[in-house]
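Undergrad: Please see the structure below; I have some questions.
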Amino acid sequence: MNNVLAISGIVIKELYRRKDFYVLFVLTALITLVLGSVSFFNDAKIVRYLKEICLLLIWVASLVIAISTAARQIPAERENRTIFPLLAKPVTRGQFILGKFLGCWLACGVALVVFYLFFGVVSESRGRSDSSTTGLTSSAATEGHAASAKADDHEGAAGGDEHHDDHAGTEHFSVLLNYVQALGLHWLMLGVVTAIVLLGSVVFSAPSSNITISFIGIIGILLLGEHLNKVALRQQQPVQGILYTTYFLLPHLEWFDIRDRVIYDQPPIAFVDCGLAALYAIAYTGLLLFVTWFVFRRKTLTL
Amino acid sequence: MSVILKTEKLRVEYASRELRSGIKVALNGLDLEVRSGEVFGFLGPNGAGKTTTMNVLLGFVNATGGEARLFGVDVREPIARQRIGYLPELTYYYKFLTAEELLRFYARIFGIPRSEADRRIETLLKLVELEHARGRSIKTYSKGMQQRVGLAQALINNPDLLILDEPTSGLDPLGRMKVREIIQRLKSEGKTVFFSSHELGEAETICDRVAIICRGELKAEGKVSDLVTQHQCDLEKLFLKLIGYQPQEVI
Ligand SMILES: Nc1ncnc2c1ncn2[C@@H]1O[C@H](COP(=O)(O)OP(=O)(O)OP(=O)(O)O)[C@@H](O)[C@H]1O
Ligand SMILES: [Mg+2]
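Line order of the protein sequences matches chains A and B.
According to my numbering, the stretch in the first sequence is residues 23 to 325, in order.
According to my numbering, the stretch in the second sequence is residues 2 to 252, in order.
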């Protein structure tokens, strides 16, 4: 475990030293600007529309960050030969893979917290500004959400006090919970994505082909995954069988997309469902990492 | 003296689509024995299989046949690497780290407690003369400095066996001498050093024993003095003879 943490620390250090995270800040600034303009038109529809654009932006940006960082890890270690002095130490290849995964995933988590924090603060303070006080309290609440998001990441379970006496308080709480759940599920999904891309990076020799294939595959799952069974119904055998099998084998990343709940202020998801989603994501991530290790385990590493 | 590095009928075949025959035999039944406390020179022409042997010892390449052991443990076990230090042939380290951070990272991998690590990093930076550059990131280092970072990281766990792949390549005469001094110092501390080299003079001065390999096969092994008296020529002539070099007739 110590080795895994040490390796993941190097991944994160590289990311911030390479200034990759600047992309992130440019993006968050963009979100702030887009949403900041909302106060000019106090139209709920437009506010919603802008929220939608911002969340889409966050999703695309997070996928780009997750895929590009994960795809680079192992090929860069081999190309720069830094893998040799490292694996010459008592580090197993499994620890190496896990460390790389953890580093990438944690980095994604940090990026997501920053994204959602900005998005939440700005959209709640702007979008809900029927009175200035509400705006203030809700932005404070959103800040609190970030803290709790850090504390309990994947369960998406923020504390207990659901029985809030204050009605406005309850409403705020459910808004807050929506953000926390959206963030948590998003992060879990990025875990699966990172694992897919890491597997790709030990299977394909060229990082660019890995990035392309992973990106198309993941976008494909997100957009079409849930419709695959319906498409299958209209096909004949054996295509139907193949489509059905794919439907059941694919990781359903689209299940983790609860943007609509944030946009339309729908009630939060039950904790049981969040827990099940977490288990689902953890199972897929674990399986993919296992396969990655299996492929990498006996791989010949030469200059 | 106990044998701490041993290969038996080691065979390595590289499979690659780029090769015409499909496979390339890099090592062909190599038997080696390095005993505790000696400096062992591993000599051979380019492409002889020196790096390949080390790659097997460190678990980067799987042997096609035969076996390799370090401290009596099969090299496929990660624990076999606990007591060794390794300097790769062409060294590159995480460019974005400083020498100090790099050493600290490796110390952590070995599970060296923090205060102990601090002490060792201090000594090692002094030993390889990188104190002045300790806070700069490695990407600003010259080639020779990188080679010295490599040497420092190979020593971080105070290893009993050092595996050095061409430790003096790319260094100036002063740097080479310093590396030789370090090797001799390690020997006086009772460490075992297994290193590859093309420099026959160097091998002659610091090695207790040498092995000469060519095309993946062991051609000669023993004390330099014994080899020289046995074949009645100097090490360079012997080396050229063993690798099958025929002097061309000048027309
Ligand atoms: N990944 C690889 N795929 C195919 N052949 C390889 C591979 N790596 C090395 N070889 C071949 O194996 C043989 C031994 O190579 P090796 O690197 O062990 O030589 P070496 O003794 O270290 O040489 P040098 O002194 O030049 O470093 C060479 O013929 C080389 O071409
Ligand atoms: Mg070599």
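C-beta: ideal position from N, C-alpha, C; glycine also.
Being a predicted model, the structure only gives us computed values, none of them experimental.
(1) Have a look at residue 239 of chain A and residue 223 of chain A and give me their C-alpha separation to the nearest angstrom.
(2) Just tell me which of B/122, B/129 and B/220 has its CA closest to the CA of residue 178 of chain B.
(3) Check whether the Cβ of residue 25 of chain B sits closer than 6 Å to any heavy atom of ligand 1, and report yes or no.
(4) Ignore the nearest five residues each way along the sequence and tell me which others in residue 145 of chain A's own chain have a CB closer than 6 Å to its CB.
(5) Quick check on residue 247 of chain B: buried or exposed, where buried means 16 or more other Cβ atoms within 10 Å of its Cβ?
(6) Could you work out which residues of chain B lie near residue 267 of chain A, taking near to mean beta carbons separated by less than 9 Å?
(7) Determine the extent of the alpha helix (DSSP H) in which residue 90 of chain A is found, giving its start and end residues.
(8) What residue ranges within the segment 195 to 279 of chain A form continuous beta strand (DSSP E) runs of no fewer than 3 residues, ordered along the chain?
(9) For ligand 1, is there a heavy atom less than 6 Å away from the beta-carbon of residue 22 of chain B?
(10) Is the Cβ-Cβ distance between residue 93 of chain B and residue 103 of chain A less than 7 Å?
(11) Buried or exposed: which applies to residue 190 of chain B, given that a residue is buried once 16 or more other Cβ atoms fall within 10 Å of its Cβ?
(12) Give a yes or no on whether the minimum CB-CB distance between residue 62 of chain B and chain A is below 7 Å.
(13) Could you give the residue range of the beta strand (DSSP E) that holds residue 43 of chain B?
(14) Quick test of your reading: residue 137 of chain A and residue 80 of chain A, contact by CB under 8 Å. State the CB separation rounded to the nearest angstrom.
(15) Taking DSSP as the reference, what is the three-state secondary structure of residue 25 of chain A?
(16) So that I know if they touch, is there some Cβ in chain A lying closer than 7 Å to that of residue 11 of chain B?
(17) Name the chain A residues whose beta carbon is nearer than 9 Å to that of residue 47 of chain B?
(18) Taking DSSP as the reference, what is the three-state secondary structure of residue 213 of chain B?
(19) Under a Cβ-count criterion, where at least 16 other Cβ atoms within 10 Å of its own Cβ denotes burial, should residue 82 of chain A be classed as buried or exposed?
(20) Do residue 12 of chain B and residue 23 of chain B have their CB atoms nearer than 7 Å?
(21) Would you kindly work out how many angstroms separate the C-alpha atoms of residue 100 of chain B and residue 266 of chain A, rounded to a whole number?
(22) Over the uninterrupted alpha helix (DSSP H) stretch that includes residue 318 of chain A, give me the two end residues.
(23) Between which two residues does the beta strand (DSSP E) holding residue 156 of chain B run?
(24) What first and last residue would you give for the alpha helix (DSSP H) that runs through residue 107 of chain B?
(25) Let me know the secondary structure DSSP gives residue 113 of chain A once reduced to three states.
(26) Is there a C-beta anywhere in chain A that falls below 7 Å from the one on residue 97 of chain B?
(27) List the DSSP bridge partners of residue 25 of chain B.
(28) Given a limit of 9 Å on CB to CB distance, which residues of the segment 107 to 139 of chain B reach chain A?
(29) Which two residues bound the contiguous beta strand (DSSP E) that contains residue 69 of chain B?
(30) If we call anything under 7 Å between Cβ atoms a contact, is residue 276 of chain A one with residue 255 of chain A?
(31) By how many angstroms is the C-alpha of residue 133 of chain B removed from the C-alpha of residue 254 of chain B?
(32) Measuring CB to CB, does residue 6 of chain B end up less than 7 Å from residue 71 of chain B?
(33) The beta strand (DSSP E) spanning residue 222 of chain B covers which residue range?
(34) Residue 166 of chain B bridges to which residues according to DSSP?
(35) Could you check whether the segment 293 to 303 of chain A touches the segment 204 to 216 of chain A, counting it as contact only if at least three pairs of C-beta atoms, one from each stretch, sit closer than 8 Å?
(36) Judging by CA-CA distance, which residue of A/29, A/69 and A/45 is the nearest neighbour of residue 285 of chain A?
TA: From the atom records:
(1) Translated into positions along the first sequence, residue 239 of chain A becomes position 217. Translated into positions along the first sequence, residue 223 of chain A becomes position 201. Taking the straight line joining both Cα atoms gives about 14 Å.
(2) Here the question's residue 178 of chain B lines up with position 177 in the second sequence. Among B/122, B/129 and B/220, the Cα nearest to that of residue 178 of chain B belongs to B/129.
(3) Residue mapping note: residue 25 of chain B aligns to position 24 of the second sequence, counting from 1. Yes.
(4) Numbered from its first residue, the first sequence carries residue 145 of chain A at position 123. Closer than 6 Å at the Cβ level, and outside the excluded window around residue 145 of chain A, lie 57 and 73.
(5) If you number the second sequence from 1, residue 247 of chain B lands on position 246. Looking at its Cβ environment, which holds fewer than 16 other Cβ atoms inside 10 Å, residue 247 of chain B is exposed.
(6) Translated into positions along the first sequence, residue 267 of chain A becomes position 245. By Cβ distance, chain B contributes nothing, its closest Cβ being about 32 Å from residue 267 of chain A, past 9 Å.
(7) To locate residue 90 of chain A, count along the first sequence from 1; it is residue 68. Segment 66 to 101, the alpha helix (DSSP H) holding residue 90 of chain A.
(8) none
(9) Here the question's residue 22 of chain B lines up with position 21 in the second sequence. False, no ligand heavy atom lies under 6 Å from that Cβ.
(10) Taking the first residue of the second sequence as position 1, residue 93 of chain B is located at position 92. Taking the first residue of the first sequence as position 1, residue 103 of chain A is located at position 81. Yes; because the gap between Cβ atoms is below 7 Å, this pair is in contact.
(11) Numbered from 1 along the second sequence, position 189 holds the residue referred to as residue 190 of chain B. Residue 190 of chain B is exposed by the Cβ-count criterion.
(12) On the second sequence, position 61 is the one that residue 62 of chain B refers to. True, the Cβ-Cβ gap to chain A drops below 7 Å.
(13) Against the second sequence, residue 43 of chain B aligns to sequence position 42. Element bounds for residue 43 of chain B: 40 to 44.
(14) On the first sequence, residue 137 of chain A is found 115 positions in, with the first residue counted as 1. On the first sequence, residue 80 of chain A is found 58 positions in, with the first residue counted as 1. Contact holds; Cβ gap of about 5 Å.
(15) For this step, residue 25 of chain A is matched to residue 3 along the first sequence. It is helical.
(16) Locating residue 11 of chain B in the second sequence gives position 10, counting from the first residue. Chain A, which has no Cβ nearer than 7 Å to the Cβ of residue 11 of chain B, makes this no.
(17) Here residue 47 of chain B refers to the residue found at position 46 of the second sequence. Ordered by position in chain A, no residue passes the 9 Å Cβ test against residue 47 of chain B, which lies about 13 Å from the chain.
(18) Within the second sequence, numbered from 1, the residue matching residue 213 of chain B stands at position 212. Reduced to three states, the DSSP call for residue 213 of chain B is strand.
(19) In the first sequence, residue 82 of chain A corresponds to position 60, counting from 1. Label assigned to residue 82 of chain A: exposed.
(20) Looking up residue 12 of chain B in the second sequence gives position 11. Looking up residue 23 of chain B in the second sequence gives position 22. Against a cut-off of 7 Å, the Cβ pair of residue 23 of chain B and residue 12 of chain B comes out as no contact.
(21) The residue labelled residue 100 of chain B in the question sits at position 99 within the second sequence. The residue labelled residue 266 of chain A in the question sits at position 244 within the first sequence. Approximately 54 Å between the Cα atoms of the pair.
(22) Position 296 of the first sequence holds residue 318 of chain A. Its alpha helix (DSSP H) spans residues 293 to 319.
(23) Within the second sequence, numbered from 1, the residue matching residue 156 of chain B stands at position 155. Residue 156 of chain B -> no beta strand (DSSP E), and no H or E assigned at all.
(24) The residue you call residue 107 of chain B lines up with position 106 of the second sequence. Unbroken alpha helix (DSSP H) run through residue 107 of chain B: 100 to 110.
(25) Residue numbering aside, residue 113 of chain A sits at position 91 when the first sequence is read from its first letter. It is coil, neither helix nor strand.
(26) Position 96 of the second sequence, counted from the first residue, corresponds to residue 97 of chain B. Judged by the 7 Å Cβ criterion, residue 97 of chain B is in contact with chain A.
(27) For the purposes of this step, residue 25 of chain B is identified with residue 24 of the second sequence, where counting begins at 1. Its beta-bridge partners are B/15.
(28) 107, 109, 110, 111, 112 and 138
(29) On the second sequence, position 68 is the one that residue 69 of chain B refers to. 66 to 71 is the span of the beta strand (DSSP E), which, as asked, contains residue 69 of chain B.
(30) Counting from one through the first sequence, the residue named residue 276 of chain A turns up at place 254. Counting from one through the first sequence, the residue named residue 255 of chain A turns up at place 233. Not a contact, by the Cβ cut-off of 7 Å.
(31) With chain B represented from 2 up to 252, any question about residue 254 of chain B goes unanswered, as that position is not in the structure.
(32) Numbered from 1 along the second sequence, position 5 holds the residue referred to as residue 6 of chain B. Numbered from 1 along the second sequence, position 70 holds the residue referred to as residue 71 of chain B. Their beta carbons are under 7 Å apart, which means residue 6 of chain B touches residue 71 of chain B by this criterion.
(33) The residue you call residue 222 of chain B lines up with position 221 of the second sequence. First-last of the beta strand (DSSP E) with residue 222 of chain B: 218 to 223.
(34) Taking the first residue of the second sequence as position 1, residue 166 of chain B is located at position 165. Bridge partners of residue 166 of chain B: B/197.
(35) yes
(36) The residue labelled residue 285 of chain A in the question sits at position 263 within the first sequence. Checking every option, the nearest Cα to that of residue 285 of chain A belongs to A/69.
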